[in-house]
Structures are given as structure tokens and as C-alpha cells.
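Let me begin by presenting the structure, written as C-alpha cells, before commenting on it.
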Amino acid sequence: MSFSSVLGQDRAIKRLRALITTGRVPPAMIFHGPPGTGKFLAALEFAKALNCSHTIHREKPPAPQQPDPDDLFAASVPASAPPPEPEPRPGTEEEHADRSDSCGKCLSCLQAASGAHPDIRVVDTAMQAALLDEDESSNLKIDTLREMTRWAQQKAMLSPWKVFIVRDAQAMVTAAQNAILKTLEEPPPGTIVILTVSRKTSLLSTILSRSCLIEFSPLPRAALEKVLAAQGAGPEQAAAIAALGAGSLEKAAEASAFLKRVSALRPGDPARAFKFAAGLPRDSHKARDEVKTLLDLVLARARAAWEAAEGQSKARLTVLLRRTLGLRAMAERNVSYLLLLETALLESERAGIKLEDLLRPER
Ligand SMILES: [Zn+2]
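Position 180, counted from 1, in the sequence shown is what our numbering calls 221; the numbers after and before it change by one each time, with no gaps.
As C-alpha cells, this is what we get:
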């Protein structure tokens, strides 16, 4: 994989490549944009490209074993010839000539691809759980970020750059954000910190002002379809999910789960809304995200229907829009997401918008 694996973000990738080519890489960077648009993948590819040595890594073939005359079993083991050195393929040199992207073949690239690069570290809530030996939390704590600043002081193990990627950096509590300020301001030589974040306003202004901002836009529908197809969706399914995905792979994954849940329900079942809502994830953060996505779908449908409606049904849709906006605001608070979703689905059905309508892609 290389930058070519990041789809639909040509502008951001062009900037990153230019930074690598000029060698003037800012020590603090913020990749910001909607969730599910390739920020983290781009950060990994950027780190990989920075540390790529552009020389093919070949394991030394094992020395051929000489049969031991005293070994009784030696005869039964066929003397295996070392694998022949692969011939360099034509065109290989050309691939390596691109210094603004990773080669995928050097030791550094191989380590990065396996997630075991000693100088590329991902800081996220999963890593935090392992570090602090506790359950995964939704926040990134001060202890975790302090640990990162300690690592930042250490020398790189084998690469020109030591890269820290703080994934979903909006999860950092304020104290944690304050803890990395100094590292962002006076980074040890060869250290780069990349924060990926869906809303840059969730970061302290002192962090924003010290960092180079790289913007990621919602994915074009074609790029989203391509990714979904690569994940195994059929062309029709990929198109339907991409239409609901609002430029985000994360939203597309949610839409795909919604479609599956709806298709499992019996048509005409009066308890459909309840049964559908019962499929909400247990994790309250995930449940809230899903409910927000569904409320957005209700709002989009209701607005479209409102435009075309007249008389009584227009009045009904006006009420629905007002009510749904109220529920959308409530979803930001700590409420029963299940109850909220049930209410929204029932009210939308009453106004003539069925569950299936919500998930029918707009043309
Ligand atoms: Zn490489």
C-alpha cells in the first residue's frame, strides 16, 4: 500500500507529497475532516513514506546445509536448495524513483505495513487500554499523552523520523492536550506528531496555532463506492450504501448495518420501529452516533418531502421537522438513545415516511 490507497483526497495527498519532497516537514500536524474520510490511513502512509529507505529488503537466504556424515537422519532430509534470488522486475527502479511515496519493499515499509514499526507509534484508546492495563475508555488521558512525550524524547530506533499519530485526537481531555503543548512547540529533532481529528474546534486554540492543518473533505461518492466494492459489496449494494454514506466510510458502514437490520424485519409488522431500534449497539457512544445518523436521514427525507407537499401533509411534515430537530439536539446529551430513536421513527412513520424510505438512496 502507498498513498494510492487513500482515495478521494487528492488535494491533501498532494500537499503531503510536496512536504516529503521538499524535506520541510512540520513537526506538528493536524489532519482534520469528517470521520471515515481516510485521515488515519493517510497519516500512516505519510509516516511510511517519510521513513522509506527505497531499497528492497531481502532476507539473506539460509546457508545450504551440508549433510552431516554422523547424522543418521540426514539422508532422509532432502537437501533443500536456497530459493533463487528474485530477478529485479523491469520497471522496479522507476517505482522506487518516486521519493514522495513509500516503496512497500524496504525493511521500514514492511515493518510499517505489519504495524510493528519501532519509530511509528499510534496513540489511541485501544493502545491506552493496553498501556494503562484497564478497559478501553472513550477519553485519551493525561497519563497516556505524558507517556508519548516521554517516548518523543528518546532517539529514533532505525529511521530518520519518529512519528506519533494520535488517532481521534478529540478524545484527548483538556489536561492531556495541555500535556503535549511543549512537545508540539519544541519538538525533539526528527519528531513529528500528527493529530487526526473530525472537528478541529475540539482542540485547544494553542494546539491549533502550533500545528500545520491538512484538510480532508467528505469522500466523493465514486471513491466511497470504490472502497465499498473493494470491501466486497456488489456494485448495486455499493452504490446504495455510498449514496447514504454522506462522504464518510464510517457513515457508510452504519448505513450498511441499517439496511441489513431493516431487511431482517417482516414487512407490515406493526412493531417494526421498536424491533429496528432494539438493534442499537450497546456501546453508548456508538448508539449515539447511529441515532444521530438516523435522525439526519429523517431530516433529509422530511425536508425533501416538505418541498413537494401541500396542505395537511405539509403541516404534518412541518411538525415532524420541528420535532426531529428537537430530538437531534437532545441526542447530543446523555439520554436514552433507544427511546429517542423509537420516538423519531414512530413520528416519522406517522408523517408518512417509512423506515424503508429513510434508507432508499436519493437519486
Ligand atoms: Zn520503503
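Virtual Cβ for every residue (Gly too), placed ideally from N, Cα, C.
- When L361, V332, L335, L336 are compared, the shortest CA-CA separation from A346 is found for L361.
- Here the distance from the Cβ of G145 to the nearest heavy atom of ligand 1 is below 8 angstroms.
- Taking non-hydrogen atoms of ligand 1 into account, the C-beta of H95 is found less than 8 angstroms away from one of them.
- In the three-state scheme derived from DSSP, where H, G and I count as helix and E and B as strand, F205 is classed as strand.
- In this structure, R262 places its C-beta atom within 9 angstroms of the C-beta atom of G288.
- Three or more Cβ pairs closer than 8 angstroms define a contact, and the segment 233 to 246 falls short of that threshold against the segment 266 to 280.
- Bounds of any beta strand (DSSP E) do not take in F315; it lies within the alpha helix (DSSP H) bounded by 313 to 318.
- Annotated as proximal: L400 and L285, with beta-carbon spacing under 9 angstroms.
- When G77, L82, A350, D142 are compared, the shortest CA-CA separation from L91 is found for D142.
- Distances between the C-beta of S289 and the heavy atoms of ligand 1 are all 8 angstroms or more.
- Beta-bridge analysis with DSSP links I183 to no other residue.
- In chain order, L181 place their CB closer than 6 angstroms to the CB of M213, counting only its own chain and leaving out the 5 sequence neighbours on each side.
- A Cβ-Cβ contact shorter than 9 angstroms links F317 with V303.
- Checking the 8 angstroms criterion, the Cβ of C253 is out of range of every heavy atom belonging to ligand 1.
- A distance below 9 angstroms separates the beta carbons of I206 and A84.
- With fewer than 16 neighbouring CB atoms inside 10 Å of its own CB, H98 falls in the exposed class.
- Here the distance from the Cβ of S149 to the nearest heavy atom of ligand 1 is below 8 angstroms.
- Rounded to whole angstroms, the separation of the alpha carbons of P259 and I233 is 25 angstroms.
- Annotated three-state conformation of A274 is coil, per DSSP.
- Judged by beta-carbon spacing, H95 lies within the 9 angstroms limit of R140, meaning their Cβ atoms are closer than that value.
- One alpha carbon belongs to R323, the other to P201, and they sit about 43 angstroms apart.
- By the criterion of a C-beta distance shorter than 7 angstroms, R329 is surrounded in its chain by A372, Y378, once the five residues flanking it on both sides are discounted.
- Per DSSP, the beta bridge partners of H73 are V238, E256.
- Residue state for T232 is assigned as strand, using DSSP reduced to three classes.
- K333 has its alpha-carbon roughly 19 angstroms from the corresponding atom of R313.
- Around the C-beta of D310, fewer than 16 other C-beta atoms lie within 10 Å, and the residue is accordingly described as exposed.
- Sixteen is the threshold: when 16 or more other Cβ atoms of the shown chains lie within 10 Å of the Cβ of L368, as they do, the residue is buried.
- In the structure shown, R364 adopts helical secondary structure according to DSSP, grouped into three states.
- The three-state reading of DSSP puts R262 in helix, counting H, G and I together.
- Contact between I71 and L249 is confirmed by a C-beta separation of about 7 angstroms, below the 8 angstroms threshold.
- Taking each of S46, A370, E256 in turn and checking the Cα distance to R52, the smallest one comes out for E256.
- According to the DSSP secondary-structure assignment, V163 is paired through a beta bridge with I206.
- At least 9 angstroms separates the beta-carbon of L321 from that of A385.
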